[in-house]
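Contents: one structure, followed by commentary.
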Amino acid sequence: MADTTQDVKKLSRSFARLVVLGAILVIGGVVGLIYTGVATLTSMLLFGWLLLIGGVVGLLNAVQWRKSNYFWLGVVVAALNIAAGVVVLRHPEGTAQTLTMFAALLFLTGGLFRLVGSVVVRGPQFGWTLVQGAFGLLLGILVLVDWPESSRYVLGVFFSLALLFDGLGLIAIGIGGRQVVSMVAEPENRPE
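Throughout the sequence shown, residue numbering follows my numbering, covering 145 to 336 in sequence.
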């Protein structure tokens, strides 16, 4: 019985930690939405460091497995990651411009395919697919019309929105999890 009480308390604390982590992510997302330029630069620098560190780890892993048939493939992939990381860290603004252009083109092509597909197929979700396609097309056009200036804030907005919604999701999971634990726990084992 004491073990069950301890397990319930541990589980409840774990869900509380999810709520705290979610709140931190929400705060980061809101701050990023206020300072979109800083969020864009931060995301580019983080991306560059992740590429660089991943390349170094990949190179060390390739050296460790140097007698493998895939040694040279591992070295080449690691070298490309390191080179890309260096380029991103040295030119974060140019990287942001390139990735913004890529995102705009993805929105345009995705929106166009959804629009055409919804009109041609006319399936049960015709209206939603048509709206999704129009929204993607419009978003791509809006980003491209203001490019390269849009590259200063677009990626920061996307990064910040991702943080915000991930944080809200963690808060919801944490609160819901604590409620489930308190409903399932026996009355004498319920956490205070």
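Just so you know, even glycine gets a beta-carbon here, dropped at the ideal spot from N, CA and C. Since this is a predicted model, take the numbers as computed values, not measurements.
Whose C-beta lies closer than 6 Å to the C-beta of residue i among residues of the same chain, with five residues either side of it excluded?
{"i": "phenylalanine 251", "result": "Gly280, Leu283, Gly284"}
Given residue i, which residues of its chain have a CB within under 7 Å of its CB, disregarding the five upstream and five downstream residues?
{"i": "leucine 185", "result": "Pro236"}
{"i": "serine 262", "result": "Phe270, Thr273, Leu274, Gly277"}
{"i": "isoleucine 317", "result": "Leu162"}
{"i": "alanine 248", "result": "Gly284, Val287, Leu288, Trp291"}
Going by C-alpha distance, which of the options is nearest residue i?
{"i": "glycine 313", "options": "Val163, Arg157, Leu155", "result": "Val163"}
{"i": "glutamate 293", "options": "Met245, Ile319, Gly254", "result": "Met245"}
{"i": "alanine 306", "options": "Ser156, Leu169, Val264", "result": "Leu169"}
{"i": "arginine 234", "options": "Leu190, Ser156, Gly320, Gly176", "result": "Leu190"}
{"i": "valine 175", "options": "Lys211, Gly238, Gly198, Gly311", "result": "Gly311"}
Is residue j closer than 9 Å to residue i when the C-beta atoms are compared?
{"i": "valine 219", "j": "alanine 227", "result": "no"}
{"i": "glycine 300", "j": "alanine 183", "result": "yes"}
{"i": "valine 221", "j": "glycine 192", "result": "no"}
{"i": "serine 295", "j": "glutamine 241", "result": "yes"}
Using a Cβ-Cβ cut-off of 8 Å (strictly less than) and excluding sequence neighbours within five positions of residue i, which residues of its own chain qualify?
{"i": "leucine 195", "result": "Asn225, Ile226, Ala228, Gly229, Val232"}
| request: Please go through the segment 279 to 323 and give each complete alpha helix (DSSP H) segment of 4 or more residues, from N-terminal end onward. | output: Complete alpha helix (DSSP H) runs here, min 4: none at all.
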